[in-house]
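Participant: One structure is given below, represented as structure tokens, and several questions about it will come after.
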Amino acid sequence: MAAAIAAARAGCSVTLLERQEKIGKKLLATGNGRCNLSNLDFQAVRDYRSRCAFRLPAFFEQFGVKETLRFFESCGLLLTDRNGYLYPRSMQAGAVLGALEEELDRNAVRIVCSCRVERIRRERFFYISAGAEEFCFDSLILACGTAAGLVPKNAADGFALVRELGLAVIPLMPALGALRCEGGFWKALAGVRCISQIELHVQTGIREKVWRENGELQLTDYGISGIPVFQCSRYAAAALRDGARVTAFLDFLPEYAPKQWETLCVRQFRLCQGKRVQTMAAGMVAQKTAKVLMKQCGLAAEDLVGEETKERIFALFGLMRRFPVTVIEANPISQAQVCAGGVSLDEVSDHLEAKKVPGLFLCGEMLDVDGRCGGYNLQWAWTSGVIAGRHAAEDDRT
Ligand SMILES: Cc1cc2nc3c(=O)[nH]c(=O)nc-3n(C[C@H](O)[C@H](O)[C@H](O)COP(=O)(O)OP(=O)(O)OC[C@H]3O[C@@H](n4cnc5c(N)ncnc54)[C@H](O)[C@@H]3O)c2cc1C
Numbered sequence: 358m359a360a361a362i363a364a365a366r367a368g369c370s371v372t373l374l375e376r377q378e379k380i381g382k383k384l385l386a387t388g389n390g391r392c393n394l395s396n397l398d399f400q401a402v403r404d405y406r407s408r409c410a411f412r413l414p415a416f417f418e419q420f421g422v423k424e425t426l427r428f429f430e431s432c433g434l435l436l437t438d439r440n441g442y443l444y445p446r447s448m449q450a451g452a453v454l455g456a457l458e459e460e461l462d463r464n465a466v467r468i469v470c471s472c473r474v475e476r477i478r479r480e481r482f483f484y485i486s487a488g489a490e491e492f493c494f495d496s497l498i499l500a501c502g503t504a505a506g507l508v509p510k511n512a513a514d515g516f517a518l519v520r521e522l523g524l525a526v527i528p529l530m531p532a533l534g535a536l537r538c539e540g541g542f543w544k545a546l547a548g549v550r551c552i553s554q555i556e557l558h559v560q561t562g563i564r565e566k567v568w569r570e571n572g573e574l575q576l577t578d579y580g581i582s583g584i585p586v587f588q589c590s591r592y593a594a595a596a597l598r599d600g601a602r603v604t605a606f607l608d609f610l611p612e613y614a615p616k617q618w619e620t621l622c623v624r625q626f627r628l629c630q631g632k633r634v635q636t637m638a639a640g641m642v643a644q645k646t647a648k649v650l651m652k653q654c655g656l657a658a659e660d661l662v663g664e665e666t667k668e669r670i671f672a673l674f675g676l677m678r679r680f681p682v683t684v685i686e687a688n689p690i691s692q693a694q695v696c697a698g699g700v701s702l703d704e705v706s707d708h709l710e711a712k713k714v715p716g717l718f719l720c721g722e723m724l725d726v727d728g729r730c731g732g733y734n735l736q737w738a739w740t741s742g743v744i745a746g747r748h749a750a751e752d753d754r755t
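The opening residue of the sequence shown carries number 358 in this note's numbering; numbering runs sequentially from there.
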């Protein structure tokens, strides 16, 4: 949509082909229906991953957050900033889609829905086959997205099209998703939400890599989820694919510095003498978490705080800060928010034109760029869409 608007504003006659019955369906699901469309706290190299990450600043210099704010303003959409996270003021994703649809209409973009592109032939022009229909264009922008978050029957199939055109595709992996973990206690933990720190350790031979993320952790009946897990899930997915060992250490009380924590544990042990361990523990972490951790330390519901249980209680305090879980699998692409991998940036110019197929442009999640959770993936969609649209328009006019 951003690409079509940019090309049409530059004076082109634009047609948008969409395989679903409506445009922008994924957009409606973003940000839990609120559409976190960008972020004021922005650093290309920190917030995005790509095999060609060094190329990224060049794209955001052409169209970054400031230009995105102006773009939506020009579409008549009021935005709001929540701790840097940008949303429509109404906090409804439908408002973003509505503004884009109006702008497509105002710029006379022709929209053809329920039109699945099946083949692209490059001769003097681009010939596009979609069912019984054939279209002919001077230039073409592919913005097919990926299968992330979609049931397989609606999965995007743009990669078959680009492969046929001879472009290299880096294998896709889920990014921004939940992680399945070992252990028989997950059902007992399901539903817990708590501000925590996750430390993800990836062990390959003697090499160990560590990622740390803070935020609201969600415990599910199969493992760990929530934004801090999403932020490091792509590394877990890649490591598991390569056969590495992946462990997550969960810290349920990350706000305490080590010295403060030591003092707190000693104080809790003293103040709670003779009381039930479970009552003390459930005042420190969620009750479900307390029960599972107690069991791991050999503490029963009726055990009391005292010299006899001291060693196990201090082991329990240790687990509250460093609960190790073995990650066995990343949730599949259909349950992730975005995919890592896609068409290599090596295949495109700084204008996002395919080097091997002049006149063909690519944008959005199809390219090998994935962002952190927090509006960065949609920012990439706007950035790459507008760049592709503007330059496809130049190409079209010459
Ligand atoms: C649940 C969920 C929540 C998310 N929340 C956020 C968020 O809050 N903030 C954020 O920044 N990102 C979020 N994302 C990620 C974001 O939605 C995507 O990165 C973004 O939509 C990618 O844009 P795109 O235009 O590349 O692809 P898409 O939005 O997927 O659009 C591609 C379009 O191409 C169509 N298409 C595919 N193949 C064909 C074909 N052969 N012929 C015709 N049409 C075709 C598809 O039907 C689709 O409409 C979320 C994703 C999910 C799944």
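A virtual CB, placed ideally from N, CA and C, is assigned to each residue, including glycine. Since the model is a prediction, treat every value here as computed from it, not as a measurement.
Within 10 angstroms of the Cβ of residue 725, are there 16 or more other Cβ atoms? Answer buried if so, exposed if not.
Facilitator: buried
Participant: Could you say if the segment 388-403 and the segment 478-497 meet the contact criterion of at least three C-beta pairs nearer than 8 Å?
Facilitator: Inter-segment contact for the segment 388-403 and the segment 478-497 is absent: fewer than three beta-carbon pairs are separated by less than 8 Å.
Participant: Does the segment 711-724 come close enough to the segment 677-690 that 3 or more CB-CB pairs lie under 8 Å?
Facilitator: no
Participant: With the cut-off set at 9 Å, would you say residue 320 and residue 505 are in Cβ contact?
Facilitator: Here the chain comprises residues numbered 358 to 755, so residue 320 is not present and cannot be evaluated.
Participant: To the nearest angstrom, report how far apart residue 634 and residue 662 are at their CA atoms.
Facilitator: 5 Å
Participant: Can you tell me which of 689, 639 and 426 puts its alpha carbon nearest to the alpha carbon of residue 593?
Facilitator: 689
Participant: Would you call the CB atoms of residue 380 and residue 470 closer than 9 Å?
Facilitator: yes
Participant: Starting from the N-terminal side, write out each stretch of the beta strand (DSSP E) that is 3 residues or longer and does not extend beyond the segment 449-489.
Facilitator: 467-469, 476-479 and 483-487
Participant: Just reading off the alpha helix (DSSP H) that residue 636 is part of, what are its end residues?
Facilitator: 634-639
Participant: So residue 453 packs on residue 434, CB below 8 Å; how close in whole Å?
Facilitator: 6 Å
Participant: Leaving out five residues before and five after residue 524 in sequence, what residues of the same chain have Cβ atoms less than 7 Å from its Cβ?
Facilitator: 700, 704, 711 and 713
Participant: Are residue 420 and residue 739 touching if we call contact CB-CB under 9 Å?
Facilitator: Taking 9 Å as the Cβ cut-off, residue 420 and residue 739 qualify as a contacting pair.
Participant: Considering only residues of the same chain and omitting the five flanking positions on each side of residue 487, which have a CB-CB separation below 7 Å?
Facilitator: 374, 472, 473, 474 and 475
Participant: Note down the Cα distance separating residue 755 from residue 439, rounded to an integer number of angstroms.
Facilitator: Confidence at residue 755 is low in this model, with a pLDDT of 48, below 50, so the placement of that residue should be treated as unreliable; the coordinate-derived value is given next. If you take the alpha carbons of residue 755 and residue 439, they lie about 43 Å apart.
Participant: Under 8 Å Cβ to Cβ from residue 621, same chain only, skipping five residues before and after it: list those, please.
Facilitator: 613
Participant: When the Cα atoms are used, what is the spatial distance from residue 534 to residue 508?
Facilitator: Going by the C-alpha atoms only, they are around 15 Å apart.
Participant: In three-state DSSP terms, what is residue 391?
Facilitator: Correct three-state label for residue 391: coil.
Participant: What is the DSSP secondary structure of residue 334, reduced to helix, strand or coil?
Facilitator: This structure gives no information on residue 334, because the portion of the chain shown stretches from 358 to 755.
Participant: Using DSSP with H/G/I as helix, E/B as strand and the rest coil, what is residue 370?
Facilitator: coil
Participant: Measure the alpha-carbon distance for residue 545 versus residue 367 and round it to whole angstroms.
Facilitator: 57 Å
Participant: So is residue 567 buried or exposed if we call it buried at 16+ other beta carbons inside 10 Å?
Facilitator: exposed
Participant: When burial is assigned at 16 or more other CB atoms within 10 Å of the CB, is residue 429 buried or exposed?
Facilitator: By the C-beta density criterion, residue 429 is buried, having at least 16 other C-beta atoms within 10 angstroms.
Participant: Judging by CA-CA distance, which residue of 559, 554, 664 and 416 is the nearest neighbour of residue 575?
Facilitator: Among 559, 554, 664 and 416, the Cα nearest to that of residue 575 is on 554.
Participant: Does the Cβ of residue 733 lie closer than 8 Å to at least one heavy atom of ligand 1?
Facilitator: yes
Participant: So residue 687 is in the beta strand (DSSP E); what residue range does that whole segment cover?
Facilitator: Residue 687: member of the beta strand (DSSP E) spanning 680-687, first to last residue.
Participant: Would you check if the distance between the CB atom of residue 702 and the CB atom of residue 387 is smaller than 9 Å?
Facilitator: no
Participant: Can you tell which of 376, 561, 503 and 641 has its C-alpha closest to the C-alpha of residue 611?
Facilitator: When only C-alpha atoms are compared, the closest one is 641.
Participant: For a test of the three-state rule: what should DSSP assign to residue 566, helix, strand or coil?
Facilitator: strand
Participant: What residue from 722, 604 and 707 has the CA that sits closest to residue 749's CA?
Facilitator: 707
Participant: Which residue comes first and which comes last in the beta strand (DSSP E) that contains residue 582?
Facilitator: 580-582
Participant: Which runs of the beta strand (DSSP E) at least 3 residues long sit entirely within the segment 505-535? Give them in chain order.
Facilitator: 526-532
Participant: Once you ignore the five residues that flank residue 598 on each side, which residues in its own chain have a CB closer than 7 Å to its CB?
Facilitator: 530
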